[in-house]
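**Student:** Going line by line, the protein sequences match chains A and B. Mapping of the first sequence onto my numbering: position 6 corresponds to residue 6, and the numbering continues sequentially without gaps. Mapping of the second sequence onto my numbering: position 66 corresponds to residue 66, and the numbering continues sequentially without gaps. Quick reminder that beta carbons are idealized off the backbone N, C-alpha and C, glycines included.
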Amino acid sequence: EDQVTQSPEALRLQEGESSSLNCSYTVSGLRGLFWYRQDPGKGPEFLFTLYSAGEEKEKERLKATLTKKESFLHITAPKPEDSATYLCAVRINAGKSTFGDGTTLTVKP
Amino acid sequence: NAGVTQTPKFRVLKTGQSMTLLCAQDMNHEYMYWYRQDPGMGLRLIHYSVGEGTTAKGEVPDGYNVSRLKKQNFLLGLESAAPSQTSVYFCASSTDSQGGTQPQHFGDGTRLSIL
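#1: Between the C-alpha atoms of Leu-75(B) and Arg-31(A), what's the straight-line distance to the nearest angstrom?
#2: Going by Cα to Cα distance, which pick from Glu-56(A), Gly-41(A) and Glu-70(A) is closest to Cys-88(A)?
#3: Evaluate Tyr-35(B) with the Cβ neighbour count: other Cβ atoms within 10 Å of its Cβ, from every protein chain shown; 16 or more gives buried, anything less gives exposed.
#4: Please return the same chain residues whose Cβ sits closer than 6 Å to the Cβ of Tyr-48(B), not counting the five positions on each side in sequence.
#5: Take the Cβ of Val-66(B) as the centre, count every other Cβ of all protein chains shown within 10 Å, and call the residue buried at 16 or more, exposed below.
#6: What is the rounded straight-line gap between the Cα of Gly-107(B) and the Cα of Thr-67(A)?
#7: What does DSSP give as the partner residue(s) for Thr-24(B) in the beta ladder?
#8: Between the stretch 79 to 88 of chain A and the stretch 26 to 43 of chain A, do at least 3 Cβ pairs fall closer than 8 Å?
#9: Note down the Cα distance separating Lys-42(A) from Gly-100(A), rounded to an integer number of angstroms.
#10: Specify the secondary structure class of Ser-7(A) as computed by DSSP and reduced to three states.
#11: Identify the residues that DSSP records as bridge partners of Thr-49(A): which are they?
#12: Step through the CB atoms of chain B and report whether any lies within less than 8 Å of the CB of Leu-87(A).
#13: Output, in chain order, the set of chain A residues within a Cβ distance shorter than 9 Å of Asp-62(B).
#14: Please identify the residue among Pro-61(B), Leu-115(B), Ser-93(B) and Tyr-64(B) whose C-alpha is closest to the C-alpha of Ala-2(B).
#15: Just checking: is the beta-carbon of Phe-106(B) within a distance shorter than 8 Å of some beta-carbon in chain A?
#16: Please check the pair Arg-111(B) and Lys-9(B), which I expect to be a contact at CB under 8 Å, by giving their CB distance rounded to whole angstroms.
#17: Checking contacts by CB at 8 Å: is Gly-16(A) closer than that to chain C?
#18: What are the boundary residues of the beta strand (DSSP E) that includes Ile-114(B)?
#19: Output needed in chain order: residues of the stretch 18 to 46 of chain A with a Cβ under 9 Å from some Cβ in chain B.
#20: CA-CA distance, Glu-110(A) and Thr-65(A)?
#21: Using a Cβ cut-off of 8 Å (strictly closer), state whether Thr-65(A) contacts chain B.
#22: For Arg-68(B), count neighbouring C-beta atoms within 10 Å of its own C-beta (all shown protein chains included) and say buried if the count is 16 or more, exposed if not.
#23: Starting from the Cα of Leu-21(A), find the closest Cα among Ala-94(A), Glu-1(A), Pro-78(A) and Ser-28(A) and give me that residue.
#24: How far does the beta strand (DSSP E) with Thr-106(A) in it reach, from first residue to last?
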């Protein structure tokens with residue numbers, strides 16, 4: 001059975017305090033791993049897609065990496081506006097994605 | 001850019017009532033999806049469609065039906081609403097390019113309460 005586990009459930013950081021979010025997965029035939037950001041009352045917003053182990057993607061203060069078992073979302077010098085829930089999802093075929101339960105990040109000024 | 005539009009945004013139903021949630025996308029995407037999200041949890045796939053006139057079951061399909069009569073629209077129906085269906089419902093779409101490995105675009109959700 002495909003499984004996606006995100007940790008920690010919640011993370012509180014001071015502004016400028018760098019950290020990482022983890023997404024561990026067990027799937028057969030990974031077609032892509034996706035990171036999304038979700039703000040309260042909104043739908044998920046796409047951040048990154050990673051397709052193969054060793055791949056890395058960067059956008060502003062965020063960097064996503066992928067191994068054969070897990071992905072990390074590194075946040076460097078976060079700002080309060082980075083506060084959100086970050087969701088990880090794995091795609092095994094065109095129709096199905098399995099989502100993790102998310103990590104809620106709070107960045108205090 | 002409208003993207004994915006969901007209607008209604010909020011709805012309160014009584015147990016046993018029926019309703020239809022509408023999702024419309026203007027990106028000419030082949031694939032469309034319905035998810036539910038419960039507090040503290042990720043998204044669970046209810047039904048999805050890989051093209052006009054096609055639908056398939058996801059992870060939690062019981063109690064729901066769907067239809068995709070037009071490429072741009074995907075309807076989710078509750079025939080007899082139950083309190084366990086109280087949730088936030090998200091619609092998403094994606095292109096079928098590159099073997100269907102492209103990211104999903106989400107609407108802002110429909111908040112549904114069943115009393």
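**Tutor:** Here's the rundown:
#1: As a position in the second sequence, residue 75(B) is number 75, starting the count at 1. As a position in the first sequence, residue 31(A) is number 31, starting the count at 1. Looking at the two C-alpha atoms, the distance is approximately 27 Å.
#2: Mapped onto the first sequence, residue 88(A) falls at position 88. Per the Cα distances, Glu-70(A).
#3: Here residue 35(B) refers to the residue found at position 35 when the second sequence is read from its first residue. By the neighbour-count criterion, in which a residue is buried when 16 or more other Cβ atoms sit within 10 angstroms of its Cβ, Tyr-35(B) is buried.
#4: Numbered from 1 along the second sequence, position 48 holds the residue referred to as residue 48(B). Cβ neighbours of Tyr-48(B) beyond the five flanking positions: Tyr-33, Ala-56 and Gly-58.
#5: For the purposes of this step, residue 66(B) is taken as the residue at position 66 of the second sequence. Buried is the call here.
#6: For the purposes of this step, residue 107(B) is taken as residue 107 along the second sequence, with counting starting at 1. For the purposes of this step, residue 67(A) is taken as residue 67 along the first sequence, with counting starting at 1. For Gly-107(B) and Thr-67(A), the distance between alpha carbons rounds to 30 Å.
#7: What you label residue 24(B) is simply residue 24 of the second sequence in a count that begins at 1. Note that residue 24(B) is Ala in the sequence shown here, rather than Thr. Answer is Thr-5(B) and Asn-73(B).
#8: yes
#9: Position 42 of the first sequence, counting from 1, holds the residue named residue 42(A). Position 100 of the first sequence, counting from 1, holds the residue named residue 100(A). Cα to Cα, Lys-42(A) sits roughly 17 Å from Gly-100(A).
#10: By 1-based counting over the first sequence, the position of residue 7(A) is 7. In this structure, Ser-7(A) counts as strand in the three-state DSSP scheme.
#11: By 1-based counting over the first sequence, the position of residue 49(A) is 49. Bridge partners of Thr-49(A): Phe-34(A).
#12: On the first sequence, residue 87(A) is found 87 positions in, with the first residue counted as 1. With 8 Å as the cut-off, Leu-87(A) counts as an interface residue toward chain B.
#13: The sequence position of residue 62(B) within the second sequence is 62, counting from 1. Residues of chain A passing the Cβ test: none, with the nearest at roughly 17 Å.
#14: Within the second sequence, residue 2(B) is the residue found at index 2, counting from 1. When only C-alpha atoms are compared, the closest one is Ser-93(B).
#15: Within the second sequence, the letter at position 106 stands for residue 106(B). Yes, Phe-106(B) counts as interfacial toward chain A.
#16: Taking the second sequence and counting its residues from 1, one reaches residue 111(B) at position 111. Taking the second sequence and counting its residues from 1, one reaches residue 9(B) at position 9. The Cβ separation is near 7 Å, so the contact holds.
#17: You won't find chain C in this structure, because its protein chains are A and B.
#18: Against the second sequence, residue 114(B) aligns to sequence position 114. Looking at the DSSP string, the run of the beta strand (DSSP E) that includes Ile-114(B) is 110 to 114.
#19: For the stretch 18 to 46 of chain A, the beta-carbon criterion of a distance under 9 Å to any beta-carbon of chain B is satisfied by Arg-31, Gly-32, Phe-34, Tyr-36, Gln-38, Gly-41, Lys-42, Gly-43, Pro-44, Glu-45 and Phe-46.
#20: With chain A running from 1 to 109 in the structure shown, residue 110(A) is simply not present.
#21: Here residue 65(A) corresponds to residue number 65 of the first sequence, with the count starting at 1. It does not: the Cβ of Thr-65(A) has no partner Cβ on chain B nearer than 8 Å.
#22: Here residue 68(B) corresponds to residue number 68 of the second sequence, with the count starting at 1. Answer is buried; the Cβ neighbour count reaches 16.
#23: In the first sequence, counting from the first residue as 1, residue 21(A) sits at position 21. Per the Cα distances, Pro-78(A).
#24: To locate residue 106(A), count along the first sequence from 1; it is residue 106. First-last of the beta strand (DSSP E) with Thr-106(A): 103 to 108.
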